[in-house]
Each structure stands twice: as structure tokens, then as C-alpha cells.
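Taking it in order: structure first as C-alpha cells, then the write-up.
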Amino acid sequence: MSAHYDQQPILQARGLVKRYGSVTAIDHADFELYPGEILAVIGDNGAGKSSLIKALSGALVPDEGEILLDGKPVNFSSPMEARELGIETVYQNLAVAPALNIADNLFLGRELRKPGILGSVFRMLDKKAMEQRAKDKMQELGLLTIQDISQAVESLSGGQRQGVAVARSALFGSKVVIMDEPTAALGVKESRRVLNLIKEVRDRGLPIVLISHNMPHVFEVADRIHVHRLGKRAAVVTPQSHSMSDAVAIMTGAMEVETDAA
Amino acid sequence: MSANEQKTSSAVLEHDRVADQAGSYVAQFQAPVSLMHRFQKFLHKYPVAAPTIVLMIAIIGFSLLIGDRFLHPFNLSLILQQVTIIGIIGVAQTLIILTAGIDLSVGAIMVLSSVVMGRMAIDYGIDAPLALMIGIATGAIAGFINGTLITRMKLPPFIATLGSWNVFFALNLWYSKSETIRSQDISNTAPLLQWLGETITFMGARLTYGSILMIVLFCVIWYALNWTAWGRHVYATGDDPAAAKLAGIRTDRILLSVYVLAGVVCAIGAWALIGRIGSVSPQAGYTANLDSITAVVIGGCSLFGGRGSIFGTLIGALVVGVFRNGLALAGVDVLWQEFTVGILIIVAVGVDQWIRKGTA
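Residue numbers (UniProt numbering), protein chains in the order written: chain A, 1 to 262; chain B, 1 to 360.
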């Protein structure tokens, strides 16, 4: 599935500003994510990309500007509110509870209850349904190498754990998935699997915002690359139009780009 | 542009090629190498297994050593009676330890609640059911105070409950005027308070209602921990509070609910305590704090939270009960009972560390 740039952006930010005292973390930043694409967000340390992402995922409330989801202005005051509107975030490290099993982790905080009196009065969990849906999702995303859905997450490798976190976002994210450095803690081979997984999620129709420091990863999977510099968007490039060194040059200010390539 | 494109795609291709050479066994597991390793994994997956094995060995050992006297239903039911109070308090302690906390005030909450129940019913002549409810409310309030100190004031549970232990115990001495309410007075005015001490005889075994209540309590809390979202959230909060929060769990609420529930369970233990000793004594149950932690630890719960089963605590309490009973029947001095319990604790924690190391 290819991205639809002729459509309305699914997630958009206009003129976002966030100040911490005299420090301006976001300085009139714009942002667009289109349906069906992987948009990488890159930027040097301190460029304000994590502030931008926090604003988009509800972890931070901007001072000025607006965020539009499906063209409608939204205001999140917490990550939970963003999640309720269909924006899921995969965090770098803190994604899963190690002693709980895969199905429990996938549904943590959003458990399914049994129908009827068992669920309403006795609050009984529908473990079978959760396990089935977890299995289906893991299978759909090509994570079937994880044989046993009831094994504790701590028995999984780092990449598999990240896989569980990604599966959770794909299970519940109806609009957008934001991934914060999903490969930063992983080895080469595991990174590969997670990258494939990211593409898989995109191909299933969920647009993805990918924050990464890893240029080869960004250039491999991204459809477009949002380069953040000095608190705002410096450029949007594509892996086809620019090289990695160009991207680094834009990030560091050595190169300026006038147009918003799309 | 085309040069750039080539550069990029060739880099990706190279990356792919290298990654492919590496093989596709990324997500596979190494087969357990040794029998020991397999055993370790088994113990890790079933936290109740280790204490159950110890319990079995203890029962078999003592029956070989002592014979029928030990295995007699009457003696076995006696063990159950002896572990009733610790078992109930152990339920409360397990809930708290699962959240990576600890509650040093459980014994004090129990005694305070029992004194409130006793004074309400005997000194003020309040109907026994209402007196019971007031006693249980006392436990809930005590738990709420602990929970508030921990979630609002962010005190470490150890310190918060060390403080409240002393406070509750002092309140208990003040409110009871350090006086015991006599068993006769209770049976005359409020026999309901002693009801849990009554027994039913069943095939030579003498079960108290208190023991039965303890088993029911274990089952109810087991259900809540394993079959409700609340239970999953308790585990997640103890396992990794940051991950739990990111999953949208309001961990402070979970913690508060756990401490309040623990207080209620302690107050139920207070009722069973009155049944067990017949009277209401401000000095009773003083060792319940540490005994409950002992039962939880021997039962395989991790003090780091998030791991363990509620039934492990029942088994842990039974292990302690069986050792004490067996050693007493064998005519061993009481001090060696304490010695043995101490060794059991150290071994239990050692095994827990070993199990967790094996799967890290």
C-alpha cells in the first residue's frame, strides 16, 4: 500500500509552540502525517523532536498552535486521551511488564470481560478471547515464532518484546502509531525484524511516525523524512530525493532546503 | 539524485545481505540445556511448585519419623487451625508484596480491629454484626491511612508501615486500656464474635469455621488476582510501575485499593483471632507481622513485586505449620522450631534468586 498524499493528513500540527521558561522547545513547528505512510522524524539532540512527539502523543500540552486529527482540532491532556482517539505510542524501553504474559501485556489496561453476568457482576476476564485475539494479531504481523502466547514477556528477547509492544499498538491504534526509537536497544538482527514489522504495520494501513537516530533504518523504511532543527521543521525529504549525508547536513544546518518535498 | 538513490539502496541491500547471512534464528529459543535448567524453568513458570515440593517432603518426612500421630486427621486439622490467623494475614501481606510493597502494620491492624470489635460489642452493647462491621471498617481506615501515606506522600511502604505499626499498636493499647476482654463476657453478650472458633467434625478432623473462612478468602482473592482486570493491574503495578502507567493503569489507585483491601482482610483476621483465642487481648497476634511475611516468602512470592501466587502463601503458612507441629511432636525443643523457620526463609529467598537468575 502506498501513501496517499493527495488526501487530507491524518495527523497534523500547525504552529506548535512550547516554552520552558526562557527555553523554547518547540518553535512554531508544523507536522503532517499522511494515510498509509511511514514518516520518520529525525533531528539532532536538543532539536526538540521529542517535545514534538510528546505533544502529538498527549504527553505534553503545547502553549500555542493546534493539532488536527483527521482534519479536526484535538486537545489531549494525557497520553490516555490520545490513545482513546486512536493514537498509540510505542516507547523505547518501558513498553511491557516482564512478569506478565504476552496476552496480558497486549491487553493491559484494556482487558476484555466475559459477556453476561460473569463479566458484569463478577468482572471475569475473557482470557480465551484475549488469547485468541493476541494470537491472531501476532500471526498477522508475522510474529508467529513466538509459540506460546501465555509465556512471560521476560522470557522473550529484546526484539520480541518490542514486537509485543508493536503488536499492542497495532491492535489498538486505529489512526496513528508513534514509535519512539524502537530499534535503539536492539541488536542488528533484532532490529531487522522490528523494521520488517513496522513495514508490516504500515502495509496493513496504519500510518506510522518513526523517531530514530539510526539513519540506515530511517532511510530503509521511511516514505518521507521530517527533519527537525532548532525547534521546528527544517525540511521534509524522501530517501529518494536526498542521501543520508544530505539529511545529516540539514539536521546540523549545513544545508538548507526551501521546499517541502512530499 | 540518482547517485544518492543508488547509494541509499546499495547500503540497504548490503544491510539486507549481511542480515540474511546471519540466519533467521533470531526469534528462536535455545532448547533447555540441562535437567537442572529445565527444573529452573518449571519453578519459574509455576511459583507454587517450589513450596509445594517442600510441603510434600515435610509431610512425608514427618510421617515417616513420627508415624500415625502426625498423619492423624485430627493432627492435620490442628495444623490448619494453627495456621489460620497467619494464613489470613498472609493474604493481606501477599497482596501488598505483589505490588513490591511490604506491610509491617498488618498485625497491629488486626489487634486494633479485634479490640474495636470487642469493645463495641461488650462495653457499648452494640449488636454483634454491627460491631463486626465497625471493626472491619477500622481495618479499612487503617489500610487507607497506609495507602495514602504511600501514594500521596510517596513514603516507602517499609517506612510508612513501620510508623503506622507503632501508631496502631499504641492506639490499640490506649483504646483497650491494656485490658483483655474475657472469653465468658464475649460468649454471654456477643457469641458471634467467637463463632469462627467453633468446629465441625469431619472424619476425625476438627475444622474451625475460621479455617474454612481462610480457605474461602484465599479462593476469593485468587479469583480477583487472576480473573479480573484489577488483579492483572496489581501484578503489573508491582512488576513494572512505569510500564503499567504507560499502559494507562492508574497505579496509585491500584496501590490504595490494595492497602485498603489488606486492612479489611486483617480485620477479618481479627474476627478469626477472637474465635481462636476466645478472648480479646491487646497483646495477641503480636508476631503476625513477621510470620505473615515468612509465609509469603516461603510461598514463593518475590519481595520485588509482580511475581508469586496467592496459594503459595497458603502453602508457605502450611510449611511453617507442619514444621512446627512435626518438630513439636518429635519432642524437639521450641528453639529449634524457630531455627528451622529461619533456615526455611533463607532457603526460600535463595531459591527465588536462583529461579530468577536462570531466566534473566
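All C-beta atoms, glycine included, are put in the ideal place defined by N, C-alpha and C.
With 16 other Cβ atoms within 10 Å as the buried cut-off, status of residue i
i	result
Phe168/B	buried
Phe339/B	exposed
Asn188/B	exposed
Gly275/B	buried
residue 439/B	Nothing can be reported for residue 439/B, as the shown portion of chain B is limited to 1 through 360.
Met203/B	exposed
Tyr124/B	exposed
Gln7/A	exposed
Ala170/B	exposed
Asp223/A	buried
Leu256/B	buried
Gln81/B	buried
Asp127/B	exposed
Asn325/B	buried
Lys128/A	exposed
Ser245/A	exposed
Alpha carbon of residue i to alpha carbon of residue j, nearest angstrom
i	j	result
Ala131/B	Ala243/B	42 Å
Gly231/B	Tyr223/B	8 Å
residue 276/A	Phe31/A	Since the displayed chain A opens at 1 and closes at 262, residue 276/A lies outside it and no answer follows.
Arg19/A	Ile178/A	23 Å
Ser51/A	Ser78/A	14 Å
Lys175/A	Ile254/B	30 Å
Val115/B	Ile53/A	56 Å
Phe122/A	Val220/B	11 Å
His213/A	Arg307/B	35 Å
Val248/A	Leu95/B	52 Å
Val83/B	Ile215/B	11 Å
Asp291/B	Ala103/A	35 Å
Ser24/B	Glu154/A	Confidence at Ser24/B is low in this model, with a pLDDT of 45, below 50, so the placement of that residue should be treated as unreliable; the coordinate-derived value is given next. Near 21 Å, if we compare the C-alpha coordinates of Glu154/A and Ser24/B.
Ile211/A	Ser113/B	55 Å
Asn289/B	Phe74/B	28 Å
Ala272/B	Glu131/A	40 Å
Ser279/B	Val91/B	23 Å
Asn45/A	Arg168/A	28 Å
Ala295/B	Ile186/B	31 Å
Pro140/A	Lys45/B	According to the sequence as given, residue 140/A is Glu; it is not Pro. The straight-line gap from Cα to Cα measures roughly 27 Å.
Leu106/A	Lys137/A	10 Å
Tyr235/B	Arg202/A	33 Å
Leu213/B	Ile85/B	10 Å
Leu318/B	His233/B	28 Å
Gly231/A	Val23/A	10 Å
Gln92/A	Met117/B	52 Å
Helix, strand or coil at residue i [DSSP, three-state]
i	result
Thr138/B	helix
Glu111/A	coil
Leu186/A	coil
Pro198/B	The displayed chain sequence assigns Glu, not Pro, to residue 198/B. It is coil, neither helix nor strand.
Ala128/B	helix
Leu327/B	helix
Gly21/A	coil
Ala27/B	With a pLDDT of 45 at Ala27/B, under the threshold of 50, the predicted position of this residue should be treated as unreliable, though the coordinate-derived value follows. Ala27/B: helix per DSSP, three-state reduction.
Leu69/A	strand
Lys54/A	helix
His37/B	helix
Met124/A	coil
Lys245/B	helix
Gln82/B	helix
Gln92/A	coil
Val237/A	strand
Val334/B	helix
Residue i and residue j closer than 9 Å at C-beta
i	j	result
Gly238/B	Pro157/B	no
Ala55/A	Leu11/A	no
Ile200/B	Leu193/B	no
Ala165/A	Val209/A	no
Ile59/B	Ala330/B	no
Ile198/A	Leu39/A	no
Ala205/B	Asp103/B	no
Leu71/B	Val322/B	no
Arg110/A	Ser120/A	no
Cys266/B	Gly147/B	no
Ala47/A	Arg229/A	yes
Ile310/B	Leu108/A	no
Any non-hydrogen atom of the ligand FAD within 8 Å of residue i CB
i	result
Asp123/B	This structure does not include the ligand FAD; it has no bound ligands of any sort.
Contact belief for residue i with residue j at Cβ below 8 Å, rounded distance in angstroms
i	j	result
residue 399/B	Gly299/B	Nothing about residue 399/B can be read from this structure; chain B reaches only from 1 to 360.
Gly158/A	Leu143/A	Not quite, the Cβ-Cβ distance comes to about 14 Å (not below 8 Å), so this is no contact.
Thr151/B	Asp68/B	Actually they do not touch by this definition, with Cβ atoms about 52 Å apart.
Pro98/A	Ala152/A	7 Å
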